[in-house]
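The sequence shown begins at 1325 in our numbering and counts up one residue at a time.
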Amino acid sequence: MSAAPAPERAVEVKALRKAFRSRAGKGHQSVVAVDNVDFTVRKGELVVLLGPSGCGKTTLLRSIAGLEKPDSGEVAIGGRTVFSLTAGIYVPPEDRRIGMMFQSYALWPHMTVYQNVAYPLVSVKGVTREAVRAKVQDVLAGLGVAGLDHRYPGELSGGQQQRVALARALVGSPSLLLFDEPLSNVDAKVRRRLRAQLRELKQQTNFAGVYVTHDQEEAMELADTLAVMEHGKIRQVASSEEVYNRPASVYVADFVGEINLWAAAIESVDERAAVVSTQFARLTIGGVANSVRPGTKGWLVIRPERVNVVPVGSVVSYAVAYRSRGKVLDSIYFGARCEIRVDIGGTEVMAWLSDDDPGRTYPAQGDEVDVLLAEESFQWLCE
């Protein structure tokens, strides 16, 4: 029985490198923004580039778009090479068949919705005025903004502006959509609503795209595949769930969500579990490969929502790897959860307790509590 064919690639990036010359300090130094990056985007897939400011995600996006010329490597869009230093290929942005959405949506305020959306088609040879109108009306209707074609951008809501910007990006039937932090300029509640709308649009149109953001929540909500960047390199490429639950490094674990992090060393390991020593306790944990040797140093990671804080002496129904008395340093109620910091013998532990019981009371600052850590809650990461 033959294997199923691999999904066609919308984007393929190979060994891409881009450096900028810096005038800071004495002389000229090179700052590497994109450092030998490889990644692919399949047709119908939205890959989100996530990382802090200065990690290279926007430079990588601009290199795919043709707005930056890389120093080396290759970029192919829809199977067509659009940049290759060795082959001497550079296809300008307007010929790459891409659509792009910017932070501000970049809708021209003096143009109507129709004029904004039609703009990518007006200079295309062989496309009649009637064909342009039909295409614009079709894409506006598909995105739920039909009937707004005579309005100006200033007369639209944020969600409507987003859909118009996406309509303009889609109208030319691009091979790829690129998003440069398009939701960063709106408040949190509007941003959540626009993310939901963008997910709906993705389901409707099944576009392939690359989306840049520094917002972890936004990235995890939108991504089919998440690519976490640091210092010009991609540190992990996986689903949002895998990145969160099985981070490839301490950097990824710490950047994507909140963590408790403790230095640790392996004392013993077998097929079932490992015994590790930390600054505050010896713990038995799962999820450690039995190829890891005793004496190996690394880190224990546990997410705060997997730490339980209970009244002193409470009985629980699950296996506990560690239990200790502690004192509450701080307790902050956020509505959906209560964030608690507890001191256990000089080690601070952060816990998130969900507000799933309307009658639940939370410990206050200064209270004594028991901190419980389940065996399966830990993630072991080598140094």
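Glycine included, every Cβ here is placed at the ideal spot set by N, Cα and C.
- Under DSSP, residue 1354 shares a beta bridge with 1345.
- Annotation note: the region 1608-1672 contains the following uninterrupted beta strand (DSSP E) runs of length 3 or greater, listed N- to C-terminal: 1621-1626, 1631-1635, 1646-1657, 1661-1668.
- Of the residues 1472, 1540, 1524, the one whose Cα lies closest to the Cα of residue 1505 is 1540.
- For residue 1388, there is no enclosing beta strand (DSSP E); the enclosing alpha helix (DSSP H) covers residues 1381-1389.
- Between residue 1370 and residue 1548, the CB-CB gap stays under 8 Å.
- For residue 1398, the secondary structure class from DSSP, reduced to helix, strand or coil, is strand.
- When secondary structure is reduced to three states using DSSP, residue 1569 falls in the helix class.
- Sixteen is the threshold: when 16 or more other Cβ atoms of the shown chains lie within 10 Å of the Cβ of residue 1590, as they do, the residue is buried.
- Annotation for residue 1529: the continuous alpha helix (DSSP H) segment containing it runs 1512-1529.
- In this structure, residue 1693 places its C-beta atom within 8 Å of the C-beta atom of residue 1652.
- For the pair residue 1388 and residue 1491, the Cα-to-Cα distance works out to about 21 Å.
- Residue 1655 is not a Cβ neighbour of residue 1668, given a cutoff of 8 Å.
- With contact defined as three or more Cβ pairs closer than 8 Å, the region 1435-1442 and the region 1474-1481 are in contact.
- In this structure, the beta-carbon distance from residue 1360 to residue 1343 does not fall below 8 Å.
- Note on residue 1537: 16 or more other CB atoms within 10 angstroms of its CB, so buried under the neighbour-count rule.
- Under DSSP, the beta-bridge partners assigned to residue 1364 are 1336.
- Here DSSP, grouped into helix, strand and coil, assigns residue 1409 to coil.
- In its chain, beyond the 5 residues on either side, 1605, 1607, 1697 have a beta carbon closer than 6 Å to the beta carbon of residue 1646.
- In this structure, DSSP gives residue 1557 an extended state, which the three-state scheme calls strand.
- DSSP places residue 1440 in the uninterrupted alpha helix (DSSP H) bounded by 1437-1446.
- The beta carbon of residue 1706 lies closer than 7 Å to those of 1620, 1622 in the same chain, with the five residues before and after it left out.
- In the assembly as shown, residue 1678 is an exposed residue. Its beta-carbon has fewer than 16 other beta-carbons within 10 Å.
- When C-alpha distances from residue 1603 are compared across 1463, 1586, 1519, the shortest belongs to 1586.
- In the DSSP assignment, residue 1588 falls within the beta strand (DSSP E) that extends over 1584-1593.
- Residue 1601 has 1589, 1606 as its beta-bridge partners, per DSSP.
- The beta carbon of residue 1379 lies closer than 8 Å to those of 1553, 1554, 1555, 1556 in the same chain, with the five residues before and after it left out.
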